[in-house]
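Structure first, commentary second.
Okay, here's the thing in structure tokens:
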């Protein structure tokens with residue numbers, strides 16, 4: 112039996128003082144026209160710890176320094192061909208970062224962000240995510256549900272397992 116090649120990634124749930132979450136707009140090339148709003152973050156490089164990867168990704172994408180020990184709140188495993196380019200799927204570990212609202216601007220240029228399919232960033236209230244109509248998707252798909260639970264109940268004792 113062949114092994115499944117999953118991309119290990121870290122992502123940040125960045126909540127501001129109004130419990131808005133910062134999401135990146137990913138314009139996915141296939142199928143053409145697909146837009147997915149997802150938390151900032153990305154792949155863990157060989158030899159890198161999850162927190163080092165999170166720090167690097169957040170500085171690159173949005174210009175935010177990560178606190179020393181952000182709580183690990185969600186865990187997601189998605190096995191789906193095509194979900195992560197060159198992989199059979201992805202493992203996402205999500206960390207909670209509280210920050211005052213800011214205008215995201217990382218060290219990556221607009222061209223570098225575009226190469227990562229990032230075409231914008233926006234602060235969202237959970238109710239805006241829940242009521243969003245149209246073709247845009249969220250990752251995870253039911254983001255408003257675990258996000259509302261996180262805001263209401265606080266940091267879980269162990270990371271919550273998420274679906275697609």
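Numbering (this note's numbering), first residue to last: 112 to 275.
Backbone N, C-alpha and C define an ideal beta-carbon position, used for all residues, glycine too.
Because the structure is a prediction, the values reported are computed rather than measured.
Secondary structure at residue i, three-state DSSP: helix, strand or coil?
i, result
"residue 252", "coil"
"residue 273", "strand"
For residue i, does the count of other Cβ atoms within 10 angstroms reach 16, so buried, or fall short, so exposed?
i, result
"residue 128", "exposed"
"residue 168", "buried"
"residue 274", "exposed"
"residue 223", "exposed"
"residue 231", "exposed"
"residue 121", "buried"
In terms of DSSP beta bridges, what is residue i paired with?
i, result
"residue 123", "206"
"residue 231", "136"
"residue 261", "Paired residues: none, contrary to the question."
Write down the C-beta distance between residue i and residue j rounded to the nearest angstrom, noting that I regard them as a contact closer than 8 Å.
i, j, result
"residue 207", "residue 261", "7 Å"
"residue 190", "residue 269", "Their Cβ separation, rounded to whole angstroms, is 22 Å, which puts residue 190 and residue 269 out of contact at 8 Å."
message: Quick check on the DSSP output: what are the complete beta strand (DSSP E) runs of length 3 or more inside the stretch 125-199, in order along the chain?
response: 132-139, 145-149, 152-154 and 183-190
query: For the stretch 200-224, which segments carrying the beta strand (DSSP E) assignment without a break, of at least 3 residues, lie completely within its bounds, in sequence order?
result: 200-209
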